[in-house]
Amino acid sequence: MLVKHGADVFMDGWSDERPLVIAARQRRCRTVEMFLEASYSSRSVRQEHIWDAITVAAEEGEEGILVSLMKYYEINETEKQSKWKWIQESQFGGSLELLRPYFEPDTTSENGGN
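Numbering (the working numbering), first residue to last: 6 to 119.
Now the structure itself:
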């Protein structure tokens, strides 16, 4: 209800708990979609929230949520390379394969990544 009336779900507040990340962690697909479609006041803050939710969705193995998040995640080639390097260095285990189509430099254009 608050989102329908313009609440900014991407606002940085006093807590590190971001609504989009919480929804991704709790596997709430419809809530993630609703938050992604909500209005926002800062593109850069929104992108930070989406990135945080992407990492959580990958860690949780939530491919459907990851697909939704990637539709809204805007990234240029330089950022893509640095994110891919970070992903490879992090302890993602099997989740690495979920992120590969979106961030690996050689496969992103072939597999529909941004």
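Glycine residues also receive a C-beta, built at the ideal position from the N, C-alpha and C atoms.
- request: Would you kindly work out how many angstroms separate the C-alpha atoms of Ala58 and Arg105, rounded to a whole number?
  value: 16 Å
Ile55: first and last residue of the uninterrupted alpha helix (DSSP H) it sits in: Arg48 to Glu65
task: State the Cα-Cα distance for the pair His10 and Glu53, rounded to the nearest angstrom.
output: The predicted model places His10 with a pLDDT of 42, which falls under 50 and marks its position as unreliable, so this point remains unresolved.
- prompt: When the Cα of Tyr107 is compared with those of Thr60, Gly98 and Glu94, which residue comes out closest?
  reply: Thr60
- request: Quick one: grab the DSSP three-state call for Gln96.
  value: coil
query: How would you label Trp91, buried or exposed, when you count the other beta carbons within 10 angstroms and need 16 or more for buried?
result: exposed
task: Tell me where the alpha helix (DSSP H) around Ala29 begins and ends.
output: Pro24 to Arg30
- request: Pick out whichever of Gln86, Glu22 and Trp56 has its Cα sitting closest to the Cα of Ile70.
  value: Trp56
- request: Could you spell out where the alpha helix (DSSP H) holding Glu68 opens and where it closes?
  value: Glu68 to Tyr77
task: May I have the straight-line CA-CA distance separating Gln2 from Met39, to the nearest angstrom?
output: Here the chain covers residues 6 to 119 and nothing more, so residue 2 does not appear.
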